[in-house]
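Protein chains in written order, with our numbering: chain A, 143 to 297; chain B, 143 to 297; chain C, 6 to 86; chain D, 6 to 86.
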Amino acid sequence: MAGESPVPVQGGAHVAVVTAPIDVAALIARVQDDGVGAIATFLGTVREHNDGRAVTGIDYEAYEPMASRELERVATEVTERWPGVRVAVEHRVGTLRVRDASVAIACAHARRAPAMDAMRHCIEELKVRVPIWKREHYADGTREWVDPTRPAVTA
Amino acid sequence: MAGESPVPVQGGAHVAVVTAPIDVAALIARVQDDGVGAIATFLGTVREHNDGRAVTGIDYEAYEPMASRELERVATEVTERWPGVRVAVEHRVGTLRVRDASVAIACAHARRAPAMDAMRHCIEELKVRVPIWKREHYADGTREWVDPTRPAVTA
Amino acid sequence: MSSVPVLLFASYADAFGGRTIDVPIRPPCTVSELVDAMRAMAGGDRLPAQPLVAVNHAYAAPDLLIRDGDEVALIPPVAGG
Amino acid sequence: MSSVPVLLFASYADAFGGRTIDVPIRPPCTVSELVDAMRAMAGGDRLPAQPLVAVNHAYAAPDLLIRDGDEVALIPPVAGG
């Protein structure tokens with residue numbers, strides 16, 4: 143939290159589809175404000191297994207202009223539903239390795255309940271609406287596009 | 143998220159009452175793990191007004207050994223209720239200025255729902271159980287201990 | 006124009022063997038007419054019952070009219086985050 | 006021992022004018038007996054109806070017995086976070 147930080151967004155949310163590693167401290171700085179009392183942050187990270195298979199990396203692909211538009215729509219809905227909330231969302235695309243952050247969301251508000259509710263709403267909506275796909279790389283060398291609408295083979 | 147990070151806690155949560163500024167990226171690194179897919183983070187920050195009065199800073203005071211013990215109890219309860227969750231909590235004490243973070247919580251899990259539920263549980267429990275108090279400094283030069291059990295004068 | 010260019014992504018790009026295909030249908034046509042035309046093409050058997058379609062960067066209802074010049078994309082089940 | 010040292014914090018330290026006070030009561034005594042003895046002291050009128058008490062770093066029930074050597078603290082309404 144200390145040190146230099148980017149200029150916070152004046153009105154309106156920050157959303158971006160990025161290729162570089164996500165800087166979560168910079169994202170938090172974007173929603174910081176003298177009136178902010180709570181900042182809820184979500185990070186999605188690549189884990190070494192999914193659906194019972196060993197994962198070595200994930201390719202993320204976006205329909206970029208629509209993904210940005212859809213992220214903007216989600217952010218706008220959130221600021222309408224929780225007035226005063228400040229939102230920043232970044233989704234990374236390209237090939238990510240285990241532990242890399244694929245998505246980061248920061249929601250700030252004077253009070254903690256709206257900040258946490260807005261953050262959760264953002265990630266739930268993002269998961270079902272934003273046109274981004276992932277292809278998992280498995281330890282056996284195969285790669286497969288993930289289809290969340292298909293039931294998992296294992297728990 | 144990139145660059146060097148502290149050694150993650152092997153089993154058990156990280157809790158601390160600190161006097162230096164909280165490094166949220168370092169806290170996140172503590173709960174990071176190859177099996178982690180989601181990290182929910184909460185930051186409490188000092189805001190420039192409360193209960194209708196202009197605030198210039200806050201003194202945080204802790205009953206240090208009990209505060210650490212109580213944070214440990216909260217973290218233990220969380221790891222029992224959401225198995226597999228990794229928890230890190232730091233609360234800062236001393237005199238903080240507007241925008242400074244007073245508390246940071248990071249909860250990590252393979253799945254996002256347990257990470258977010260655990261994070262929320264941590265801050266709600268912390269707010270009612272952990273023996274830490276704050277004295278607000280007002281723009282008019284006065285200082286007052288905050289009593290959350292006393293109804294607010296304004297909204 | 007006697008075809009509609011459609012953007013493809015992820016598993017759909019694999020199914021149709023490209024990131025853009027020209028679907029042989031004359032606009033204006035509805036979204037569901039476009040999808041029906043795609044089913045008849047090579048790879049079209051791999052489409053689900055109700056594939057999502059975006060027109061000009063917004064999700065489109067099955068009866069939305071696609072006009073010449075619209076940006077049309079077929080959206081596989083999303084898996085971001 | 007004919008007194009119990011009690012740690013005070015925040016508004017309670019202000020009320021009693023110090024960060025530790027010796028409460029004139031002989032242990033073993035219950036938590037509620039200790040609180041009653043504190044009400045009779047200067048500043049005791051500023052205590053709420055049921056002040057929280059911690060014994061050895063854990064919240065204590067009103068009927069818990071305080072023994073010689075226990076670390077006793079009076080806990081104002083917490084306001085962390």
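Each residue gets a CB set at the ideal place from its N, CA and C atoms; glycine is no exception.
Where do the ends of the alpha helix (DSSP H) carrying residue i lie?
{"i": "A/Glu286", "result": "No alpha helix (DSSP H) holds A/Glu286; the beta strand (DSSP E) holding it covers Arg285 to Trp287."}
{"i": "A/Ile170", "result": "Val166 to Val173"}
{"i": "D/Val36", "result": "Val36 to Arg44"}
{"i": "C/Ala20", "result": "Ala15 to Phe21"}
If you run the structure through DSSP and keep just helix, strand and coil, what is residue i?
{"i": "A/Ala158", "result": "strand"}
{"i": "A/Val178", "result": "coil"}
{"i": "D/Glu76", "result": "coil"}
{"i": "A/Val227", "result": "coil"}
{"i": "A/Ala255", "result": "helix"}
{"i": "B/Ile268", "result": "Strictly speaking, residue 268 of chain B in this sequence is Leu, with Ile absent from that position. B/Leu268 falls in the helix class under three-state DSSP."}
{"i": "C/Ala63", "result": "strand"}
{"i": "B/Ala144", "result": "Per-residue confidence for B/Ala144 stands at a pLDDT of 37, beneath the threshold of 50, marking its modelled position as unreliable; the derived number appears in the next sentence. In the structure shown, B/Ala144 sits in coil (DSSP, three-state: anything other than H, G, I, E or B)."}
{"i": "D/Ala84", "result": "coil"}
{"i": "B/Ala260", "result": "helix"}
{"i": "D/Gly48", "result": "coil"}
{"i": "B/Thr291", "result": "coil"}
{"i": "C/Ala54", "result": "coil"}
For the beta strand (DSSP E) holding residue i, just list the boundary residues, first then last.
{"i": "B/Thr198", "result": "Arg195 to Ala204"}
{"i": "B/Leu238", "result": "Gly236 to Arg239"}
{"i": "D/Leu57", "result": "Leu57 to Val60"}
Would you verify that the beta carbon of residue i is, or is not, closer than 9 Å to some beta carbon of chain C?
{"i": "A/His156", "result": "no"}
{"i": "A/Glu203", "result": "yes"}
{"i": "A/Val270", "result": "yes"}
{"i": "A/Val173", "result": "no"}
{"i": "A/His279", "result": "no"}
{"i": "A/Val166", "result": "no"}
Under the DSSP definition of a beta bridge, which residues are partnered with residue i?
{"i": "B/Tyr280", "result": "B/Val197"}
{"i": "D/Asp27", "result": "D/Pro10"}
{"i": "A/Trp275", "result": "A/Glu203"}
{"i": "A/Gly186", "result": "A/Val245 and B/Ala180"}
{"i": "A/Ala250", "result": "A/Ile181 and A/Arg228"}
{"i": "C/Leu70", "result": "C/Thr35"}
{"i": "B/His191", "result": "B/Ala196"}
{"i": "A/Ala233", "result": "For clarity, residue 233 of chain A is His in the given sequence; the question names Ala instead. Answer is A/Val159 and A/Val245."}
Output yes if chain D places a C-beta closer than 9 Å to the C-beta of residue i; else output no.
{"i": "B/Pro224", "result": "In the sequence under discussion, the amino acid at residue 224 of chain B is Trp, which differs from the Pro named in the question. It does not; no Cβ of chain D falls within 9 Å."}
{"i": "B/Leu238", "result": "no"}
{"i": "B/Arg195", "result": "no"}
{"i": "B/Arg211", "result": "yes"}
{"i": "B/Leu169", "result": "no"}
{"i": "B/Ile274", "result": "yes"}
{"i": "B/Arg241", "result": "no"}
{"i": "B/Ala162", "result": "no"}
{"i": "B/Pro293", "result": "no"}
Strictly under 9 Å for the Cβ-Cβ distance: is residue i near chain B by that measure?
{"i": "A/Ala260", "result": "no"}
{"i": "D/Leu69", "result": "no"}
{"i": "A/Pro290", "result": "no"}
{"i": "D/Ile26", "result": "no"}
{"i": "A/Gly199", "result": "no"}
{"i": "D/Leu52", "result": "no"}
{"i": "D/Val83", "result": "yes"}
{"i": "A/Thr187", "result": "yes"}
{"i": "A/Ala180", "result": "yes"}
{"i": "D/Gly49", "result": "no"}
Can a CB atom of chain A be found closer than 9 Å to the CB of residue i?
{"i": "C/Phe21", "result": "no"}
{"i": "B/Glu190", "result": "yes"}
{"i": "B/Asp282", "result": "no"}
{"i": "B/Val235", "result": "no"}
{"i": "C/Ser37", "result": "no"}
{"i": "B/Ala217", "result": "no"}
{"i": "B/Glu267", "result": "no"}
So with CB distances below 7 Å, who are the chain G contacts of residue i?
{"i": "C/Ser8", "result": "Included in the structure are the protein chains A, B, C and D, with no chain G among them."}
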